[in-house]
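In terms of the UniProt record's numbering, the sequence shown opens at residue 1 and continues consecutively. Only one structure is covered here, and it is reproduced in the block below.
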Amino acid sequence: MADASLRPASSWTQADALFRKNLTYQKRKPCSNCILICVPVIVFAMLATIQHYIDSEMSKIGSTCGCASVDINGDGRREKVCGLQYTKDWDDAEDCPFLSPLKWPPLLHIPPGFVREYRSNSTTYTESCVHPKCPVTMLITGNNKSLAKILAGSMFTSPIDIHGSSNIMDSLAKIVLGTERALEPDLFIDYAFTSDASSLFYVQSKCRPNSTLSFFLPDSFIPIEKEAICVEALTPWHSSSSEINEEIYKENSQILAAYDFLNSDRKIFNVSIWYDPMNYGDFTVGAGSGRSGETTLLRVPCLVNMVSNAYIQIMHGLGKKVLFEFVKEMPKPATRRNFDISSYYPLFFTWVILLLFLVAFTSVVYEKQQKLRIMMKMHGLHDGPYWLISYLYFLTISLIYMLLIVICGSFTGLKMFKLNDYSIQFVFYFIYINLQISVAFLVAAFFSHVRTATVVGYIYIFGTGLLGGFLFQGILEDLSFPRTWLIALELYPGFSLYRGLYEFSEYAAGEGMQWENLNDVRNGMIELFFIMFVEWFVVLFVAYYMDQCLSSGSGKNPLFCLQNFGKKRQASVRKRSLRTQGSKVVVNMDKPDIHQEREKVEQLLLEPSTNHTIICDDLKKVYPGRDGNPDKIAVRGLSLALPPGECFGMLGPNGAGKTSFISMMIGLTKPTSGTAYVWDLNLQTQIDWIYTSMGVCPQDDFLWESLTGREHLLFYGRLKNLKGSALKKAVNESLKSVNLFNDGIADKHAGKYSGGMKRRLSVAISLIGNPKVVYMDEPSTGLDPASRRNLWNIIKCAKQDRAIILTTHSMEEAEALCDRLGVFVDGSFQCIGTPRELKARYGGSYVFTMTTSLDHEQQVANMVQQLSPNAERIYYTSGTQKFEMPKNEVRIADVFDAVETAKSRFPVFAWGLSDTTLEDVFIKVANGA
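Spelled out as structure tokens, the structure:
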């Protein structure tokens, strides 16, 4: 069982520790935090500056209205008057006042001559014509054929003499004028009359050869003289409206109009009129919601007037008709030319608010990339406190950020913020930023590098804004778009944000959005509130689930939520690992120490309790092969038992599997098979509880560069449930033990530490809080000799009441610190024992070294052979030779005598005799493996 004195820190204690650390960490980044919080101020200052600059530049342009000297009162006194009627460049005079707009003769829209087709009266053959004088076709049908033909022939009257007419408008109203030019959005100017490039036509039942009609409009801005070409109108009969439909909708059909007189007779006048709006050029009818959009004007009223007059003349005589004299625009005052950037607010503020996503997203990924989160987790920090404090931090930053946006927007007079009810804005922004933080946590679970996360984040931000402005807004304004699909699009959080901002900007064009407006059919805020609120909790749950499966150390089983849900810490039942035939470990009986260790582990697993700190039972780690390569076996069935107070050293060449073993023991990777127990807690299922009694000094230093050494130890000490004076005492003692206490080093930022100082701080972190098991991966790397010796003393003192597993490449360090050693080669132990045992077992020989000239190498070899028949040369180069001589075959005195004799026979530059070192043992075992 675990030590009863071990009392893990509660979740609130850990949350307090993380909060203090985060608060200190944020205090060290005043510039970054200030810039983030001041973004709204900067944004609105920029908007105000841009708008002011645009207004000032527009004011410099001045009015483009023309001016003239006019006798207003008729008394001979002329005054300067400006207006559209005096402007020469009409295209640039949109802002001119026009108190008395001109009257323009009504026109009929004629299909363009270059695509005009017409139907012959005598046949059903359709002819093509590309000349402006080509006939136009008007299709007719109805129940009363004779009446329909009479009405069709009566719609076009013969031209009258309009020269010298006292009322030119009255004269033009008695004939049918037409043009190929579409009508502009307003009627201040009809370019069919004012443009030299526009042709005018008058439509007749029968045109005389080369017949034209000239007229003069004296009351225009400038006198206008135009000439109208006669165009003949053909009125072929169709037996039914279905035939007319077929004719109209056939490919490239170009007709003037079509009339269905239905049941009309001399008592009933009932008629339907067809016209093709596509003949009018760019045709746009209201954009969707009705709150914005522009409608192209159509030259349709003349079609109604023609048939109405034809019916009146049949009923009441030729002299009777309703004159359609003119069309006229409403008067307008002078307007100021300006450019209002408020139309871009939904797009712009979508980008501004989405920047908060990048802050949360990259911060979480940064802690994963720097291994800071797993480092905190290995020192006991639970997921609950981490999520709570991190979430509240991002929520606080987001609330301050959004509050400043609303305040600055209202202060600068933006209607989008000023007119809409502030409580509605608060509810919307509050729900959305919570959803955004949840999405950031969810997406961060799939990334482990900040650079990649940053690129993806910016693509998400700008891509969402552009899709919202150029795709989603069009869908919002299209009333025919299915509501179900609209709701499906709003499930994407970026579109939900854009929809809310769009609604705010649209209502700001009026009196603003109030709570009663949420009941409007076209108001989507209630729908948004529901979607975002539900999605907030769903995404948060999925984010936590994915974090546990992908980001929490070695990851958990996808069904972890169904395993031991809500249960408290329990002691695991130790049992032997089940070894299938495929994974059965073959024990080499030539290694009795390995076999003995395995039997010891199996015996401990059968006992109901044990005082051993660590028990590794047949641990195995296999990395799947890629690109056709075979699987890589990093650890092959490792079994090991460590009692408290023992320091176990792992020696091995690079790539032997030591780091894979340590990674499994600290929860970074998951064992392929087998398991381990730390104080009876199962490594596979109770790793979170193991973390509360574990200390880790990783191979790399995972530190916050802006925190001091003291602040690191305070944080990790609080995670180990140290408080008050006990915490301060433990921190000071740790700093003193690693020589970081004096000269103010403890209060310097860790980013300013040297490599050796960072290494010492990592060792101090691993030992703070009296952990019962400590893993040290090459702890003395980069230390000078004095610091290394001091570090050894610290580890010697620390191992008195805890188990330590240490990896090193220094044989001197291993011999000085470790109670037992294991040489680890190719994923398995080759030997286990104390340094003395290993040297005795593998070092039962002397190493004799002699350096001579190259000519006498053979004589040296003969001498050694005489001293020890089983001697083996293990090294030679340039006259230097090393021989390994069994101790039972040679006496030291005989070696000295042989060397003295050799000196008299040939030059001896150097020689030596040594006992086997631990390094020799390591090399021998590694080479033998």
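All C-beta atoms in this analysis are idealised placements derived from N, C-alpha and C, irrespective of residue type, glycine included.
| Query | Result |
| --- | --- |
| Helix, strand or coil at leucine 913 [DSSP, three-state] | strand |
| Check whether tyrosine 846 and lysine 887 have beta carbons under 8 Å apart | yes |
| Presumed contact (8 Å Cβ cut-off) between arginine 657 and valine 635, rounded CB distance | The question names arginine, but residue 657 in the sequence shown is glycine. Glycine 657 to valine 635, Cβ: 5 Å. Contact. |
| Test item: CB-CB of leucine 791 and valine 763 under 8 Å | yes |
| Three-state class that DSSP yields for glycine 178 in the structure shown | strand |
| For valine 327, the three-state DSSP class (helix, strand or coil) | strand |
| Assigned exposure category for glutamine 530 - 16 Cβ within 10 Å defines buried | Inspection of the sequence shows that residue 530 is occupied by phenylalanine rather than by glutamine. It counts as exposed. |
| Whole-angstrom distance between arginine 299 and lysine 133, CA atom to CA atom | 20 Å |
| DSSP-derived helix/strand/coil call for aspartate 421 | coil |
| According to DSSP, residues forming a beta bridge with aspartate 71 | Arg78 |
| Collapsed DSSP secondary structure at valine 586 in the structure displayed | Caution is warranted here: a pLDDT of 48 is assigned to valine 586, below 50, making its placement in the model unreliable, and the coordinate value is therefore given only provisionally. Looking at valine 586 - three-state DSSP - the assignment turns out to be coil, as it is neither helix nor strand. |
| Distance CB(valine 307)-CB(valine 231) smaller than 8 Å | no |
| Exposure label - arginine 77; buried when at least 16 CB within 10 Å | exposed |
| Rounded distance between the beta-carbons of leucine 668 and isoleucine 374, thought under 8 Å | 7 Å |
| Element boundaries [beta strand (DSSP E), containing phenylalanine 533] | It is not in any beta strand (DSSP E) - phenylalanine 533 instead sits in the alpha helix (DSSP H) that spans 525-546. |
| Whether isoleucine 273 touches leucine 303 by CB criterion (8 Å) | yes |
| Beta-carbon contacts of lysine 568 that lie in its chain and below 7 Å, excluding the five residues immediately before and after | Residue confidence is low: lysine 568 scores 48 on pLDDT, short of 50, so the model does not pin down where it sits. No coordinate-derived value is stated. |
| Closest residue to asparagine 167 among Ala182, Lys103, Ile687 (Cα-Cα distance) | Lys103 |
| Touching by the beta-carbon criterion (3+ pairs, under 8 Å), the segment 803-817 and the segment 644-653 | yes |
| Residues bridged to proline 886 (per DSSP) | Ser845 |
| Burial state of leucine 99 (16 or more Cβ within 10 Å) | exposed |
| Boundaries (first-last residue) of the beta strand (DSSP E) holding aspartate 618 | 614-623 |
| Simplified DSSP state of leucine 18, which is helix, strand or coil | helix |
| C-beta contact flag for serine 787 and methionine 776 at 8 Å | no |
| Bounding residues of the alpha helix (DSSP H) (the contiguous stretch that carries residue 931) | Missing from the structure shown is residue 931; the chain here goes from 1 to 929 and no further. |
| CB of residue 930 within 8 Å of CB of valine 539, strictly | Residue coverage of the chain in this structure runs from 1 to 929, which leaves residue 930 outside it and unanswerable. |
| Inter-stretch contact at 8 Å, needing at least 3 Cβ pairs: the segment 228-245 / the segment 144-152 | yes |
| Phenylalanine 504 versus tyrosine 422: straight-line alpha-carbon distance, rounded | 11 Å |
| Proximity to proline 209 [Cα-Cα], best of Ser198, Ile229, Gln14, Thr194 | Ile229 |
| Secondary structure of glutamate 919, DSSP reduced to three states | helix |
| Element boundaries [beta strand (DSSP E), containing cysteine 797] | Unbroken run through cysteine 797 is the alpha helix (DSSP H), 785-798; no beta strand (DSSP E). |
| Simplified DSSP state of isoleucine 892, which is helix, strand or coil | helix |
| contact_flag[the segment 862-876, the segment 620-631] where n(CB pairs < 8 Å) is 3 or more | no |
| CB of isoleucine 255 within 8 Å of CB of proline 111, strictly | yes |
| Proximity to isoleucine 461 [Cα-Cα], best of Phe909, Met532, Leu347 | Leu347 |
| Sub-8 Å separation of glycine 879 and serine 853 beta-carbons | yes |
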